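Colleague: Below is a structure I'd like to ask you about.
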């Protein structure tokens with residue numbers, strides 16, 4: 009459930025925080041292409057939410073008899089009247105621990121991305137500014153006295 013809501017960008021999950029960051033950056037840039045990408049991102053989020061909701065409804069809210077390929081174990085009566093044993097009892101198995109552990113780990117990672125979103129946004133913002141200002145890299149490689157071309161000082165992220 010949590011990964012699906014994260015993918016759909018539902019608050020307060022990290023998918024929502026990432027989409028808000030992209031929308032803010034697009035609006036801040038202010039170009040027609042940026043606005044088109046923001047609108048496309050919002051539409052994509054709504055379509056993803058629709059797809060996740062449909063999958064959720066089909067998986068958890070419909071009757072087992074309404075499925076395309078109904079599982080006989082799910083359609084069996086809770087107790088067999090002839091033997092007194094539970095129908096399908098031998099077919100019930102637990103999920104492997106590796107599957108549960110890896111799923112739990114990814115869910116915890118997704119939740120931690122939400123909890124630590126502020127520091128991660130600051131870190132990524134600092135990295136973006138350092139990538140746009142190439143003068144520090146040029147001086148580190150060529151020396152402090154190396155001339156920095158004006159093109160390397162260009163900032164603005166595509167403006």
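In this note's numbering, the protein residues as written are 9 to 167.
C-beta: ideal position from N, C-alpha, C; glycine also.
Nothing here was measured: the structure is a model prediction, and the numbers come from that model.
May I ask you to report which of helix, strand or coil DSSP gives residue 156?
Modeller: Position 148 of the chain shown, counted from the first residue, corresponds to residue 156. It is coil, neither helix nor strand.
Colleague: Is there contact here, the segment 48-56 with the segment 149-161, by at least three beta-carbon pairs under 8 angstroms?
Modeller: Output reads no: the segment 149-161 does not touch the segment 48-56.
Colleague: Using three-state DSSP, classify residue 122 as helix, strand or coil.
Modeller: Sequence index remark: in the chain shown, residue 122 carries index 114 (1-based). Residue 122: helix per DSSP, three-state reduction.
Colleague: Does the segment 34-46 come into contact with the segment 125-142, if we say contact requires no fewer than three beta-carbon pairs (one atom in each stretch) closer than 8 angstroms?
Modeller: Taking 8 angstroms as the limit for Cβ pairs, the verdict is that the segment 125-142 does not touch the segment 34-46.
Colleague: Return helix, strand or coil for residue 102, following the three-state DSSP convention.
Modeller: Here the question's residue 102 lines up with position 94 in the chain shown. Residue 102 falls in the coil class under three-state DSSP.
Colleague: Please report the straight-line C-alpha distance between residue 12 and residue 77, rounded to a whole angstrom.
Modeller: Within the chain shown, the letter at position 4 stands for residue 12. Within the chain shown, the letter at position 69 stands for residue 77. C-alpha separation (whole angstroms): 24 angstroms.
Colleague: Whose CA, out of 61, 28, 59 and 19, lies closest to the CA of residue 45?
Modeller: Indexing the chain shown from 1 puts residue 45 at position 37. Of 61, 28, 59 and 19, the residue nearest in Cα terms is 28.
Colleague: In the DSSP assignment, the alpha helix (DSSP H) including residue 47 goes from what residue to what residue?
Modeller: As a first step, residue 47 must be located in the chain shown, where it is residue number 39. Taken as a continuous stretch (DSSP letters only), the alpha helix (DSSP H) holding residue 47 covers 40-64.
Colleague: Which value, in whole angstroms, describes the spacing of the CA atoms of residue 113 and residue 107?
Modeller: Along the chain shown, read from residue 1 onward, the residue named residue 113 stands at position 105. Along the chain shown, read from residue 1 onward, the residue named residue 107 stands at position 99. Those two C-alpha atoms are separated by around 10 angstroms.
Colleague: Using a threshold of 7 angstroms, state whether the C-beta atoms of residue 17 and residue 24 are closer than that.
Modeller: The residue labelled residue 17 in the question sits at position 9 within the chain shown. The residue labelled residue 24 in the question sits at position 16 within the chain shown. Yes, Cβ-Cβ distance for residue 17 and residue 24 is below 7 angstroms.
Colleague: Within the continuous alpha helix (DSSP H) that includes residue 36, where are the two ends?
Modeller: Position 28 of the chain shown holds residue 36. Segment 22-37, the alpha helix (DSSP H) holding residue 36.
Colleague: Can you name, in chain order, every residue of its own chain whose Cβ lies under 8 angstroms from the Cβ of residue 147, other than the five neighbours on each side?
Modeller: As a first step, residue 147 is located in the chain shown; it is residue number 139 there, counting from the start. Around residue 147: 154 and 156.
Colleague: When burial is assigned at 16 or more other CB atoms within 10 Å of the CB, is residue 22 buried or exposed?
Modeller: Here the question's residue 22 lines up with position 14 in the chain shown. With 16 or more Cβ atoms within 10 Å of its Cβ, residue 22 is classed as buried.
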